[in-house]
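Asks:
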């Protein structure tokens, strides 16, 4: 067995050993998948979880989402965001509580990683709300959590003694595809594949998992998945790993928009709005 196979087996074991999702998340997913359930049932579940309630209200009042006025109740927040966006918040919160975040091999703090995931979800929400609202059900939760695999890869780099060498090589890399290549060079896989494996372990929605896998290379995705794949890749490009949106990252994301045959002006307006509010 070569060293890459050893790493891949070790990562697979780390994924299998992750704790199950909290009961609250399972209940929320069931409500979201039940056509006979609605906002009232979802509000009831969230209100019985104090930590989730606090996180949801914090997001609802975050400048990144730009809602006017103060949102003080779960009912109001759920009504504004809708069921699946709330599920995205809940899922991201559960992930952070289930997995110890140490991204030192990537040169990232836990706060930067959380900022990045929150910005990705905010940008996806603002942008795709004006492109195709029906796709937000998949895209917003996926944007929140599609890079969780970095946490498991970082753990493998640390225990295998490769942290310092990886750190030296990644510090000058901003290009997303170059990061995937570096991960493959050291570990034999990339963070999106590991993320998808984690979500399969947790039995999350299959279509979201397929969209995350497809976003590695949207050009090879089938016609049905391609819009989701491009949206995820474009948002990841716009939000740099340190948890910021820059003028340069917006320009780079715009290159993907051309390939995806999407209107750059709609994206630029959304990216500028989220970028400006995130500076507050």
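Residue numbers (UniProt numbering): 1 to 280. Virtual Cβ for every residue (Gly too), placed ideally from N, Cα, C.
Which residues in the same chain as residue 75 place their Cβ atom closer than 6 Å to its Cβ, once the five residues preceding and following it in sequence are excluded?
Replies: Walking along the chain shown from the start, residue 75 turns up at place 75. 43, listed in sequence order.
Asks: Excluding the 5 residues preceding and the 5 following residue 68 in the sequence, name in chain order all residues of the same chain whose CB lies nearer than 8 Å to its CB.
Replies: Position 68 of the chain shown, counted from the start, is the residue given in the question as residue 68. Nothing meets the Cβ criterion.
Asks: Give me the residue from 53, 207, 265, 147 with the minimum Cα distance to residue 130.
Replies: By one-based count along the chain shown, residue 130 stands at place 130. In terms of CA proximity to residue 130, 265 leads the group 53, 207, 265, 147.
Asks: According to DSSP, is residue 100 helix, strand or coil?
Replies: As a working note, residue 100 is residue 100 in the chain shown. In the structure shown, residue 100 sits in coil (DSSP, three-state: anything other than H, G, I, E or B).
Asks: Expressed to the nearest angstrom, what Euclidean distance is found between the alpha-carbon atoms of residue 246 and residue 256?
Replies: By one-based count along the chain shown, residue 246 stands at place 246. By one-based count along the chain shown, residue 256 stands at place 256. Roughly 16 Å between the two C-alpha positions.
Asks: Can you tell which of 154, 209, 23 has the C-alpha that lies nearest to the C-alpha of residue 11?
Replies: The sequence position of residue 11 within the chain shown is 11, counting from 1. Ranking the options by Cα distance to residue 11, first place goes to 154.
Asks: Helix, strand or coil for residue 239, going by three-state DSSP, please let me know.
Replies: Reading the chain shown from its first residue, position 239 is the one you call residue 239. Here residue 239 sits in strand by DSSP.
Asks: Given this structure, state the Cα-to-Cα distance separating residue 55 from residue 62, to the nearest angstrom.
Replies: Position 55 of the chain shown, counted from the start, is the residue given in the question as residue 55. Position 62 of the chain shown, counted from the start, is the residue given in the question as residue 62. Whole-angstrom Cα-Cα distance: 10 Å.
Asks: Mind checking who residue 244 pairs with in its DSSP beta bridge?
Replies: Along the chain shown, one-based indexing puts residue 244 at 244. DSSP, once it has assigned bridges, lists 240 as partnering residue 244.
Asks: Taking 8 Å as the threshold, find out whether the region 135-154 comes into contact with the region 107-126 through three or more Cβ pairs.
Replies: yes
Asks: Quick check on this structure: which residue in 83, 163, 59, 34 has the alpha carbon closest to the alpha carbon of residue 72?
Replies: The residue given as residue 72 occupies position 72 in the chain shown. Of 83, 163, 59, 34, the residue nearest in Cα terms is 59.
Asks: Identify the continuous alpha helix (DSSP H) that holds residue 106 and give its terminal residues.
Replies: Position 106 of the chain shown, counted from the start, is the residue given in the question as residue 106. That residue, residue 106, is in no alpha helix (DSSP H); it is neither H nor E in DSSP.
Asks: Give me the Cα-Cα distance between residue 158 and residue 204, rounded to the nearest whole angstrom.
Replies: On the chain shown, position 158 is the one that residue 158 refers to. On the chain shown, position 204 is the one that residue 204 refers to. Going by the C-alpha atoms only, they are around 28 Å apart.
Asks: Does the region 77-92 come close enough to the region 135-144 to have 3 or more Cβ pairs within less than 8 Å?
Replies: Contact between the region 77-92 and the region 135-144 is present, because at least three Cβ pairs lie under 8 Å.
Asks: Return yes when the Cβ of residue 107 is within less than 8 Å of the Cβ of residue 173, no when it is not.
Replies: In the chain shown, counting from the first residue as 1, residue 173 sits at position 173. In the chain shown, counting from the first residue as 1, residue 107 sits at position 107. Taking 8 Å as the Cβ cut-off, residue 173 and residue 107 do not qualify as a contacting pair.
Asks: Tell whether a beta-carbon distance below 8 Å holds between residue 236 and residue 176.
Replies: What you label residue 236 is simply residue 236 of the chain shown in a count that begins at 1. What you label residue 176 is simply residue 176 of the chain shown in a count that begins at 1. Their beta carbons are under 8 Å apart, which means residue 236 touches residue 176 by this criterion.
Asks: Look at the alpha carbon of residue 196 and the alpha carbon of residue 276, and state the distance between them as a whole number of angstroms.
Replies: Counting from one through the chain shown, the residue named residue 196 turns up at place 196. Counting from one through the chain shown, the residue named residue 276 turns up at place 276. Taking the straight line from one Cα to the other gives about 31 Å.
Asks: Touch check for the region 81-101 and the region 9-25: three-plus C-beta pairs under 8 Å?
Replies: Yes: the two stretches touch, three or more of their Cβ pairs being nearer than 8 Å.
Asks: Contact criterion: CB-CB distance below 8 Å. Does residue 138 meet it with respect to chain D?
Replies: In the structure shown, chain D does not exist; there is a single protein chain.
Asks: Would you kindly work out how many angstroms separate the C-alpha atoms of residue 164 and residue 32, rounded to a whole number?
Replies: Taking the first residue of the chain shown as position 1, residue 164 is located at position 164. Taking the first residue of the chain shown as position 1, residue 32 is located at position 32. The alpha-carbon atoms of residue 164 and residue 32 are separated by roughly 43 Å.
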